[in-house]
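Here our numbering = 1-based position in the sequence shown + 3.
A virtual CB, placed ideally from N, CA and C, is assigned to each residue, including glycine.
Small disclaimer: the values here were computed from a predicted structure and weren't measured.
This report concerns only the one structure given below.
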Amino acid sequence: MFTPPKTVIAVTSGEPAGIGPDICLALARRSFSAGIVVLGDRGMLESRARQLGLDLRLSDPGVRVAPGSIACLHVPLAFPCRAGKLDRRNAPYVISLLDRAIAGCKTGEFAALVTAPVHKGVINDAGPAFIGHTEYLAERTGASQVVMMLT
4 MFTPPKTVIA
14 VTSGEPAGIG
24 PDICLALARR
34 SFSAGIVVLG
44 DRGMLESRAR
54 QLGLDLRLSD
64 PGVRVAPGSI
74 ACLHVPLAFP
84 CRAGKLDRRN
94 APYVISLLDR
104 AIAGCKTGEF
114 AALVTAPVHK
124 GVINDAGPAF
134 IGHTEYLAER
144 TGASQVVMML
154 T
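Spelled out as structure tokens, the structure:
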């Protein structure tokens, strides 16, 4: 019988035209003691994997993840995207990834959150003022102290 990992880390896939989806797909090559769930558009991630020549499968969260697979929590893109071609119409999608991950952390669905890169200019061009991940997370969670960790 499969028992899901007790610790699940949410990883947002970030700007869909950027490097974030590629980074998330690379996670399938590694083994982790915690469960990893990538938040992103399933079709976009599958398409990017094909473009990169990666043979991997996306599974649903909470099921056994086979080697070469990664769990994906589907968050639909606002508009189709191409790698390297920014589209401000997808700015709400990028924000929705963060919001869904924050909600999951607040309820205990996720123990931690890792964010892939976003394009602040695209988000700002689309309308909402956006300084960056750290400030956005602090605002949404009511945190009085903000910390960014880079490794």
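Q.
Quick check for students: name the residue ranges of the alpha helix (DSSP H) that lie wholly in the segment 13-70, counting only runs of 4 or more.
A. Runs found: 23-29, 45-54.
Q. Going by DSSP, what residues sit across from A114 in a beta bridge?
A. Taking the sequence shown and counting its residues from 1, one reaches residue 114 at position 111. DSSP output for A114 lists no bridge partner at all.
Q. Going by Cα to Cα distance, which pick from E18, V11, A104 is closest to L89?
A. Start at 1 with the first residue of the sequence shown, and residue 89 comes out as number 86. The option with the nearest alpha carbon to L89 is E18.
(Q) Can you give me the C-alpha to C-alpha distance between R92 and A81, rounded to a whole angstrom? (A) As a position in the sequence shown, residue 92 is number 89, starting the count at 1. As a position in the sequence shown, residue 81 is number 78, starting the count at 1. So the alpha carbons of these two residues sit roughly 7 Å apart.
**Q.** Member of L42, V125, T110 whose CA lies at the smallest distance from the CA of T144
**A.** Here residue 144 corresponds to residue number 141 of the sequence shown, with the count starting at 1. For T144, the nearest C-alpha among the options comes from T110.
Q: Within 10 angstroms of the Cβ of I73, are there 16 or more other Cβ atoms? Answer buried if so, exposed if not.
A: To locate residue 73, count along the sequence shown from 1; it is residue 70. Flag for I73 reads buried.
Q. Is the beta carbon of A119 sitting closer than 8 Å to the one on I26?
A. Working through the sequence shown from its first residue, we reach residue 119 at position 116. Working through the sequence shown from its first residue, we reach residue 26 at position 23. In contact: A119 and I26 (Cβ atoms closer than 8 Å).
Q | S99 (DSSP reduced to helix, strand or coil) | A | Taking the sequence shown and counting its residues from 1, the one referred to as residue 99 is at position 96. Three-state result, S99: helix.
Q.
Helix, strand or coil, according to DSSP, for C108 in the structure here?
A. Your numbering for residue 108 matches position 105 in the sequence shown. Here C108 sits in helix by DSSP.
Q: Identify, in the order they occur along the chain, each residue of the same chain with its Cβ nearer than 8 Å to the Cβ of L55, setting aside the five sequence neighbours on each side.
A: Residue numbering aside, residue 55 sits at position 52 when the sequence shown is read from its first letter. Counting only Cβ-Cβ distances below 8 Å, and skipping sequence neighbours, we find D25, L28.
Q. What does DSSP give as the partner residues of A74 in its beta bridges?
A. The sequence position of residue 74 within the sequence shown is 71, counting from 1. Its beta-bridge partners are V40, S62.
Q) Is it a yes or a no for the segment 93-101 touching the segment 128-141, going by three-plus beta-carbon pairs under 8 Å? A) yes
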